[in-house]
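First residue of the sequence shown? That's 1 in the numbering used here, and the numbers climb one at a time after it.
Beta carbons: idealized from backbone N, C-alpha and C, even for Gly.
As the structure is a prediction and not an experimental result, all values here were calculated from the model.
To start, the structure under review is shown below, and the notes come after it.
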Amino acid sequence: MSRETGEETNGIRGWPAMVVAMAVLAAAPASAQQFDELTQARAAVAASPTDAAAQFRLGEALLEARDLPGARTAFETALRHRSNWVDALWGLARVKMAQGEYEASRDACRRVISAAGDSAPEGHVCMGQAYLVWRRSSLAIDSFNKALAVDADNAGALCGLGDAHARANELEQAIESYRKAIAADANLLPARLGLATMLERKGDTTGAVAELQAALQIRPWSADAHYHLGRLGTGDEAIGHLAQAVAIRPSFTDAQLEYGRKLSAAGRWSEALAPLQAAFAQLPNVGQVNELLGIALWKTGNLAEAETRLRAAIQGVPNSSRAHEGLGEVLVASNRIDDGLAELEIAANLDSGNYEILLRIATVLRGQGRNTKALGFLDKALSLRSNLSRAEVLYGDILFEQGRYADARTRYQAALNGDGVGLDRAYVQGRLQQIDNLAPQR
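As structure tokens, then:
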């Protein structure tokens, strides 16, 4: 076909030609922590401002970045240089859909229908997606089926059916529709992303990751693919994907939050601050955001702000043991020991199986010379994990100072035979030697 919707000319059916071309533009992964495609698209527009294709490319990159006003301007500029261009009209419709505006989406789709022709599948697919913005799955399915009546292998319509079934929580039907869409068009990015989501919901994480990796082969600058790979992954590779996701789309709150969480889990507290602060700027009243940011602030030494954020987290989620624990640590570090211990005890009660909090309370109490109470918390910790070497060492130290050398020896020996985590063996062996000198065994 010669029509610029390009159903046949690209070998990819059901989506406008330039949308397809942009999806497969680059094969190499985008550089970490920068959005190369947006930079290059802007350079192309600067070099040739009247080039409709360059403006369209810029619109696609800005839409991926969720700079919706910028994307709209780019698509409108493309239309000024190529009137009634279905690709750019479809781009404007997707901007309205991303804004969640049904009526504006519907009106934009009517322009697609006018340009493509009443019987063309593109208009029906567009209108189906507009109905999904309105949360009218049955109307959307009718529109997608109209497109399929014209073209039984229309990938956009098949993908839309997948979206509608996913909205209705019909997993198997959604998966089947997405797979049909991919069979019709292996490079249709929304179908890959939709299938990945459904496979994960079904419990097939391996399959979901494979689809997300395929999505990045199609569009290396897909913020959604990078985010989900980062969320499902571990270690530096996952962190790299999340860094790319927020570089592409800075307003991507879920990605910023997950990026900060993964950096925090890796002990990279200073690096975690920026994404967590970005998430907080967008969701200042969400308990989990305040909690993660508060803990990162504590770990980086900003105790006053950490206390503010952690108190806000507790106000939002009063039963968050991690927020109470973090606040307790902040208060202890601020030399408000009794208040800190009270918060740590709340955390221990909320997370009754966490021996680490009990051990921390015992350590703080010992530092205050409150050894009897410290022993009580050590007993609780050891009741949860009997081979906890650090607890046995602390127990032994208290008994040693009380002159109970035989009991201390038993504790130190238990420490050497325990889990060994955080154990200074030379120190313990030195203590045992001291005990042998002070109270030799008979």
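Asked	Found
Select from Q256, A265, S251 and L257 the residue whose C-alpha is nearest the C-alpha of G235.	A265
Specify, as a first and last residue, the run of the alpha helix (DSSP H) that P250 falls within.	From DSSP, P250 is part of no alpha helix (DSSP H); its letter is neither H nor E.
Can you name, in chain order, every residue of its own chain whose Cβ lies under 7 Å from the Cβ of D163, other than the five neighbours on each side?	L132 and G194
Looking at the secondary structure, which residues open and close the alpha helix (DSSP H) in which D224 lies?	A223 to L232
Since S321 and A347 are thought to touch, with beta carbons under 8 Å apart, how far apart are those beta carbons, to the nearest angstrom?	5 Å
Taking the alpha helix (DSSP H) that Q413 belongs to, which residues open and close that run?	Y405 to L416
Would you tell me roughly how many angstroms separate the C-alpha atoms of A255 and N335, rounded to the nearest one?	36 Å
If we count the other Cβ atoms within 10 Å of its Cβ and call it buried at 16 or more, is S137 buried or exposed?	buried
Among residues of its own chain, excluding the 5 on either side of A26, which ones have a beta-carbon nearer than 6 Å to its beta-carbon?	Residue confidence is low: A26 scores 35 on pLDDT, short of 50, so the model does not pin down where it sits. Its coordinate-derived value is still stated next. Only P220 meet the Cβ criterion.
Determine the direct distance from the alpha carbon of N187 to that of I218, and round the result to whole angstroms.	6 Å
Give the C-beta separation of A181 and A155 to the nearest angstrom, bearing in mind that I take them to be a contact with Cβ-Cβ under 8 Å.	5 Å
Determine the extent of the alpha helix (DSSP H) in which G366 is found, giving its start and end residues.	Reading off the sequence, residue 366 comes out as Arg, not Gly. It spans Y355 to G367 - the alpha helix (DSSP H) in which R366 sits, taken as one unbroken run.
In chain order, which alpha helix (DSSP H) runs of at least 4 residues are fully inside the stretch 141-195?	155-167 and 171-184
Where do the N-terminal and C-terminal ends of the alpha helix (DSSP H) with R460 fall, by residue?	One cannot answer for residue 460 here, as it falls past the ends of the chain, which runs 1 to 442.
Give the range of the alpha helix (DSSP H) segment to which S105 is assigned.	Y102 to A116
Identify every run of the alpha helix (DSSP H) within the stretch 40-71, keeping only runs that are complete inside it and at least 4 residues long; order them along the chain.	52-64
I need the straight-line Cα distance from D108 to P49, nearest angstrom please.	It is Ala, not Asp, that sits at residue 108 in the sequence shown. When rounded, the distance between both Cα atoms is 24 Å.
If you drop the 5 nearest sequence neighbours on each side, which residues of the same chain put their C-beta closer than 7 Å to that of N371?	I398
A43 to A215, Cα distance in whole Å?	25 Å
So which of G160, N169 and R167 has the shortest CA-CA distance to Y178?	G160
Alpha carbons only, please: which of G396, A149, L423 and E291 is nearest the one belonging to Q443?	Since the displayed the chain opens at 1 and closes at 442, residue 443 lies outside it and no answer follows.
Smallest Cα separation from E76: which of H226, R57, E64 and A65?	R57
From K146, E200, D153 and D185, pick the residue whose C-alpha is nearest to that of E172; which is it?	E200
Please list the terminal residues of the continuous alpha helix (DSSP H) segment that includes R352.	According to the sequence displayed, residue 352 carries Ser and not Arg. Per DSSP, S352 belongs to no alpha helix (DSSP H) and is neither H nor E.
Helix, strand or coil for V332? Go by DSSP, reduced to three states.	helix
Suppose contacts are defined by Cβ-Cβ distances below 8 Å. Is S114 in contact with A130 by that definition?	no
Distance check for P275 and Y427, CA to CA, integer angstroms please.	41 Å
By Cβ distance below 7 Å, which residues in the same chain neighbour Y355 in space, the five residues on each side in sequence not counted?	A381, L384, R385 and L388
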